[in-house]
Amino acid sequence: MIRKATMQDLPAIVDIYAYARNFMVKTGNANQWGDGYPQEKLLRDDIAQKQLYMIEQDGAICGVFVFIIGEDPTYAVIDEGAWLSNAPYGTIHRVASNGTVHGIMKQIVGFCRAQIHHLRIDTHADNHIMQHLILQCGFTRRGIIYVRDGSPRIAYEMT
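Number 522 in the numbering used here belongs to position 137 of the sequence shown; there are no gaps in the numbering.
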């Protein structure tokens, strides 16, 4: 089941992101979220804006992600490639799980495509596991975008 997160979910959300950061470090991706990202203030803002979602199985929270329909300013410029379409799109951000359930990325993509068919997502060059999952879900690599702090991310799109 996928549902919007509430403030009561915040402790579980913080735990999932902590687990994900540790997993990323263990699998060679120490730089993407190494500074404690996403911070609790950002998570609270995501909940308030109703864009943070929870994945539950058997009543337990096992994953989280942000889904936003509309233009993402970090996707305005793309280097080393081009977008497939300029049509309205949804963006998937900050995907994380606690490692207890497999197939979460496919669930997320299915949920998001049910709302808007055109999707975009990005990840760090060191995040080989996420790159594999993104491609496995049917996205195509489109180029390089730059996040708010100026660091590059590999950008993907599904139309």
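All C-beta atoms, glycine included, are put in the ideal place defined by N, C-alpha and C. A quick note: this is a predicted structure, and the numbers were derived from the prediction, not measured.
**Request:** Evaluate glycine 419 with the Cβ neighbour count: other Cβ atoms within 10 Å of its Cβ, from every protein chain shown; 16 or more gives buried, anything less gives exposed.
**Result:** Counting C-beta atoms within 10 angstroms of its own C-beta, glycine 419 has fewer than 16 neighbours from the protein chains shown and is therefore classed as exposed.
**Item:** At least three beta-carbon pairs within less than 8 Å, the region 459-466 to the region 523-532
**Value:** Between the region 459-466 and the region 523-532 there are three or more inter-stretch CB-CB distances shorter than 8 Å, so the stretches are counted as touching.
**Message:** In this structure, how does DSSP classify glycine 495 when only helix, strand and coil are distinguished?
**Reply:** DSSP places glycine 495 within a helical segment (H, G or I) once states are collapsed to three.
**Request:** Excluding the 5 residues preceding and the 5 following histidine 503 in the sequence, name in chain order all residues of the same chain whose CB lies nearer than 8 Å to its CB.
**Result:** Closer than 8 Å at Cβ, skipping near neighbours: Ser470, Ala472, Pro473, Tyr474, Gly475, Glu542, Met543 and Thr544.
**Request:** With a 10 Å radius around its C-beta and 16 neighbouring C-beta atoms as the bar for buried, classify arginine 538 as buried or exposed.
**Result:** Buried, since its Cβ has 16 or more Cβ neighbours within 10 Å.
**Request:** Could you spell out where the beta strand (DSSP E) holding proline 396 opens and where it closes?
**Result:** Careful: proline 396 lies outside any beta strand (DSSP E), inside the alpha helix (DSSP H) at 395-411.
**Prompt:** For the candidate residues Asp394, Arg388 and Ile398, whose alpha-carbon lies nearest to that of alanine 481?
**Reply:** When each option's Cα is compared against that of alanine 481, the closest is Ile398.
**Item:** Every unbroken beta strand (DSSP E) inside the region 440-474 [3 residues or more]
**Value:** Runs found: 445-454.
**Request:** Assess, as a yes-or-no matter, whether the region 483-496 is touched by the region 507-514 under the definition of 3 or more beta carbon pairs within less than 8 Å.
**Result:** Fewer than three beta-carbon pairs drawn from the region 507-514 and the region 483-496 are found closer than 8 Å, and the two stretches are therefore not classed as touching.
**Message:** If I measure Cβ to Cβ from tyrosine 404 and keep anything under 6 Å in the same chain, skipping five residues before and after, which residues do I get?
**Reply:** Once the five neighbours on either side are set aside, the close Cβ partners of tyrosine 404 are Asn483.
**Asked** Apart from the five residues on each side of it in sequence, which residues of its chain come closer than 6 Å, Cβ to Cβ, to arginine 388?
**Response** Taken in chain order, the residues that qualify are Met439.
**Request:** Would you list the residues sitting across from alanine 481 in a DSSP beta bridge?
**Result:** Partner(s): Val449.
**Asked** Taking Cβ to Cβ, would you say histidine 478 is nearer than 7 Å to valine 451?
**Response** Yes, these two residues count as a Cβ contact at 7 Å.
**Prompt:** Sorted by chain position, which residues of the same chain lie with C-beta nearer than 7 Å to glutamine 436's C-beta, five sequence neighbours on each side aside?
**Reply:** For glutamine 436, where only same-chain residues beyond five positions count, the Cβ hits under 7 Å are Val451, Phe452 and Ile453.
**Item:** Coarse secondary structure for arginine 429, derived from DSSP in three states
**Value:** Three-state DSSP puts arginine 429 in a helix.
**Residue environment, histidine 509, which counts as buried when at least 16 other CB atoms sit within 10 Å** = Here histidine 509 is buried, its C-beta having at least 16 other C-beta atoms within 10 Å.
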